[in-house]
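Peer 1: In this note's numbering, the protein residues as written are 1 to 469.
Here you go, one structure.
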Amino acid sequence: MNKWFFILFLLLISNSFAQENKETKEIEKFKLFRAEENYFYLKDKKQNKYKQDVFDALKFIPLNKKRSIYATIGGEVRVRLEHFDNLLWNEEKDEIFYSQRLSFHTNLVLGRHIRVFGEFYSGYTSHKKKIVEYDELDLHQAFVEFNFPLKKTQNISVRLGRQEMGLGATRLIGVREGPNIRRTFDGARIIYNSGTTTIQSFYTKEVFPKFYMFDNKFSLFDKAATNPKLWGIYSQFKINNESGINELYYLGFESKFSEFSDVSGKETRHTIGLRRFGSLGKRLSFNTEVMYQFGNLADATISAFSIGTDTHYRLIKTKWLPNLGVKLNWSSGDKKTGDNKINSFNALFANPSFYGISTRITPINIFSIHPSIGLNPTKKLTIFMDWGIFWRASKNDGLYAPPQFLIRESNGISDKYIGNQFGVVSYYRINRHLVFDLHISYFVAGSFLELSGPSENIFHISPKISFKF
C-alpha cells in the first residue's frame, strides 16, 4: 500500500476526534502494552465518566444481553523515515529508508474469569529485509488469561501463550518499541496482585521474527529451537507508608550460543536485582537499580554487574516546566583475557533507548553519564534533550551494539573513551490517536573508536507519525 496514502489519511482525520464536553474526563492515553487496556467503563453509557470517542463502538462490542461478554478491537498504523550518515561510524554506510508498522488486535472478554487476546503485526521497510523491521504478516500475540479473584483487592491471573513482557524500568526486559516488530515471548506467566504488591513468575522463550507470512513458529516445546529461554520471579511492593516503590527479582536466561570478546558458547546466566524508584515531594524523582549476574558461558564462570541511576528535578513553577535530569550507567566488562572467567554484563532483552537516544550502543562494558533536560512548551508538545558520554568499563573488553553484537574488539587498546552523543526527541500529541515525534542525534567518535577502526561521526534523524485506535 502506498506510504503516502497512510500519511494523507492520518492528517485528514487528525481533527475529527475533538470533544468539548467539560463535565467529562479525558480518556487515558493508549498503553504501551495494548493488551493491558480496559474499556469496561463503556458497558453503561450513563455511568461513563469519560469523553466520547469516535472509536467507542469498537472498544466495547457486547456479545450477550448482560453485556458481560464483549470484544474490543484496536490497532496501529505507524510510518517512519530514517536517515543515517556514517552508520556504525563508517563513512561508507549512509542509509535512508521508509518503514511502516501495521497492527491489529482483538480482546475477547468472557465474563469475569477468562479473556482471549490476539494481535497481528506487519512490518515493512524500503531498504532491505531487516530482522525486527520486515515481516509480511504474523501472529504477534495470542494468549488466554484466567483470572481468579481472591478478595476485594487481591487477584491471581494465569496467562498462557504468546505475549509481550516488560519488567521494571526495561533495563533488562523491554518491548523493543523502536523497530517495526516488537519483542514477544512464548510461555506462561502467573501474576498475583493485591493493589500494593505485585508478584509474577514466568517461563518463556523469545520469539524470533522472520520475514514471511506466519512463519514465526511457537518454539516453547521445541528442543531443537535456538530461541533463548527466560524464566524468573519479579516482585514489586511498598513497605509501610514509605515514599518509594521497591522491586526485587530473579531472572534466569539460557542461550545455546552467546558470544563475548573472550569466550563464546552455551550460556546459562542468573540475574538478581533490586530496584527502588519514586518521588520525594513534587519536584524530585529517582530510579535506582543494582544487578548481579552469575552462571556459566561455555567453560567460563560468569561474574558481572550493572548499576543504574536516573534522577530528575522538575521546576514546577517555571515556564515550560523544565525537568533537569542526570542518568548514570555502569555495566561491567571482562577484566582479563583467557582467565576462564567472563565479567561482561548481559543486558538480556533490554530496551536500547533506555541507554541512549541513538540506540547504537548496548550496556555491556559501558560506563556512561547522561545529563538531560525535558521541556513542555505546550500541553501537546514535549521536548527531551540528552547528552550521553560513553567510556568502556574495562580496557580488556570491546564495544557492543544491540542486542548483543561485538562490533569492536579491544585489541590491546588501553584508551576507554568511546565518544559522546547529543540527542533531541520531540513528541507532538495532535490528539489521543495521532502522535508525531522526531528523533535527532549526533554521535562524536572518541579515541577508542579512532584507534580501533572507522571513526566518522554518526548523524541520525527519524520523523515518525503514529495513529492508534
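Cβ coordinates follow ideal geometry from the N, Cα and C atoms, glycine included.
Among residues of its own chain, excluding the 5 on either side of aspartate 386, which ones have a beta-carbon nearer than 6 Å to its beta-carbon?
Peer 2: Here the set comprises Ile357, His370, Ser372 and Gly423.
Peer 1: What do you reckon, are the CB atoms on asparagine 431 and valine 444 nearer than 7 Å?
Peer 2: Contact flag unset, no.
Peer 1: Alanine 445 bridges to which residues according to DSSP?
Peer 2: Per DSSP, Gly419.
Peer 1: Can you list, in chain order, the stretches of the beta strand (DSSP E) that have 3 or more residues and sit fully within the stretch 374–426?
Peer 2: Here the runs fully enclosed are 381–392, 399–401 and 405–408.
Peer 1: Going by CA-CA distance only, name the one from Glu36, Gly388 and Asp397 that's closest to asparagine 406.
Peer 2: According to the sequence displayed, residue 406 carries leucine and not asparagine. Nearest of Glu36, Gly388 and Asp397 to leucine 406, Cα basis: Asp397.
Peer 1: Excluding the five sequence neighbours on either side, which residues of its own chain have a C-beta within less than 8 Å of the C-beta of leucine 42, listed in chain order?
Peer 2: Same-chain partners within the cutoff: Asn48, Asp56, Lys59 and Phe60.
Peer 1: May I have the straight-line CA-CA distance separating glutamate 82 from tryptophan 391, to the nearest angstrom?
Peer 2: Near 27 Å, if we compare the C-alpha coordinates of tryptophan 391 and glutamate 82.
Peer 1: Within the same chain, show all residues whose beta-carbon is closer than 6 Å to that of isoleucine 156, passing over the 5 residues directly before and after it, in chain order.
Peer 2: Phe148 and Tyr192, listed in sequence order.
Peer 1: Do serine 243 and leucine 297 have their beta-carbon atoms positioned less than 7 Å apart in this structure?
Peer 2: For leucine 297 and serine 243, no; Cβs fall outside 7 Å.
Peer 1: Of the residues Lys464, Ile173, Asn107 and Trp89, which one's Cα is nearest the Cα of asparagine 420?
Peer 2: Here the closest residue by C-alpha is Trp89.
Peer 1: Pull up the distance between the alpha-carbon of glycine 252 and that of isoleucine 307, whole angstroms please.
Peer 2: Each residue's alpha carbon lies about 19 Å from the other.
Peer 1: Taking 6 Å as the limit between beta carbons, can you name the residues of its chain near serine 235, skipping five residues before and five after?
Peer 2: The answer, listed in chain order, is Ile199 and Leu248.
Peer 1: State yes or no: is the C-beta of isoleucine 543 within less than 7 Å of the C-beta of aspartate 53?
Peer 2: Outside the shown range of the chain (1 to 469) lies residue 543, about which nothing can therefore be said.
Peer 1: Got a sec, what are the start and stop residues for the beta strand (DSSP E) lysine 59 sits in?
Peer 2: Run containing lysine 59: none in the beta strand (DSSP E); it sits in the alpha helix (DSSP H), 56–59.
Peer 1: Which stretch, first to last residue, makes up the beta strand (DSSP E) that contains methionine 291?
Peer 2: Element bounds for methionine 291: 284–297.
Peer 1: Measuring CB to CB, does isoleucine 181 end up less than 7 Å from tyrosine 121?
Peer 2: Closer than 7 Å, so yes.
Peer 1: With a 10 Å radius around its C-beta and 16 neighbouring C-beta atoms as the bar for buried, classify arginine 112 as buried or exposed.
Peer 2: Exposed, by the Cβ-count rule.
Peer 1: Do you know whose CA, among Arg360, Glu409 and Asn323, lies nearest glycine 333's CA?
Peer 2: For the residues Arg360, Glu409 and Asn323, the minimum Cα distance to glycine 333 belongs to Glu409.
Peer 1: With a CB to CB cut of under 8 Å and the five nearest residues on each side skipped, what residues in its chain are close to asparagine 340?
Peer 2: These residues qualify, in order along the chain: Asp299, Ala300 and Thr301.
Peer 1: Could you check which residue in Gly168, Met291 and Leu449 has the C-alpha nearest to that of serine 344?
Peer 2: Nearest option by C-alpha distance: Met291.
Peer 1: If you count every other CB in all the chains shown that lies within 10 Å of the CB of lysine 25, and 16 or more means buried, which is it?
Peer 2: So lysine 25 counts as exposed.
Peer 1: State the CB to CB distance for the pair leucine 102 and valine 77, rounded to an integer number of angstroms; the pair is presumed to be in contact (CB under 8 Å).
Peer 2: Contact flag correct, Cβ pair sits at about 6 Å.
Peer 1: Nearest-angstrom Cα distance between serine 219 and leucine 87?
Peer 2: Rounded to whole angstroms, serine 219 to leucine 87 spans 33 Å at the Cα level.
Peer 1: So, using beta-carbon positions, are asparagine 232 and threonine 204 closer together than 7 Å?
Peer 2: A small fix is needed here, since residue 232 is glycine in this sequence, not asparagine. It is not a contact, given that the beta carbons lie outside the stated cut-off.
Peer 1: Report the rounded CA-to-CA distance for aspartate 138 versus glutamine 100, giving the unit in angstroms.
Peer 2: Looking at the two C-alpha atoms, the distance is approximately 15 Å.
Peer 1: Go through its chain and collect everything with a Cβ distance to threonine 318's Cβ below 6 Å, but skip five positions before and after it.
Peer 2: So the list is empty, once near-sequence residues are dropped.
Peer 1: Report the start-end ranges of each beta strand (DSSP E) in the stretch 167–205 that is 3 residues or longer and not cut off at the edges.
Peer 2: If we require 3 residues or more, the beta strand (DSSP E) runs fully inside the stretch 167–205 come out as 185–193.
Peer 1: Report yes if the C-beta distance between lysine 282 and aspartate 310 is below 7 Å; otherwise report no.
Peer 2: No; because the gap between Cβ atoms is not below 7 Å, this pair is not in contact.
Peer 1: To the nearest angstrom, report how far apart asparagine 346 and serine 264 are at their CA atoms.
Peer 2: Straight-line Cα distance between these residues: approximately 13 Å.
Peer 1: Which first and last residues belong to the beta strand (DSSP E) in which proline 463 is found?
Peer 2: From DSSP, the beta strand (DSSP E) with proline 463 extends over 458–468.
Peer 1: Reducing DSSP to helix, strand and coil, say where lysine 66 ends up.
Peer 2: Looking at lysine 66 - three-state DSSP - the assignment turns out to be coil, as it is neither helix nor strand.
Peer 1: Got a sec? Which residues, its chain only, sit under 6 Å from tyrosine 427 by beta carbon, not counting five neighbours each side?
Peer 2: Taken in chain order, the residues that qualify are Thr382 and Asp437.
Peer 1: If I follow the unbroken beta strand (DSSP E) through serine 279, where does it start and stop?
Peer 2: Serine 279 -> beta strand (DSSP E) spans 264–280.
Peer 1: Using a 10 Å radius around the Cβ and a threshold of 16 neighbouring Cβ atoms, would you call serine 368 buried or exposed?
Peer 2: So serine 368 ends up on the buried side.
Peer 1: Please work out which residues of its chain come closer than 8 Å, Cβ to Cβ, to serine 258, disregarding the five sequence neighbours upstream and downstream, and give them in chain order.
Peer 2: Correct list, in chain order: Ser264, Gly265, Lys266, Glu267, Leu297, Asn346 and Gln404.
Peer 1: For isoleucine 478, collect the residues of the same chain with a Cβ closer than 8 Å to its Cβ; drop the 5 residues on either side in sequence, then sort them by chain order.
Peer 2: With the chain covering 1 to 469 only, the question about residue 478 has no answer from this structure.
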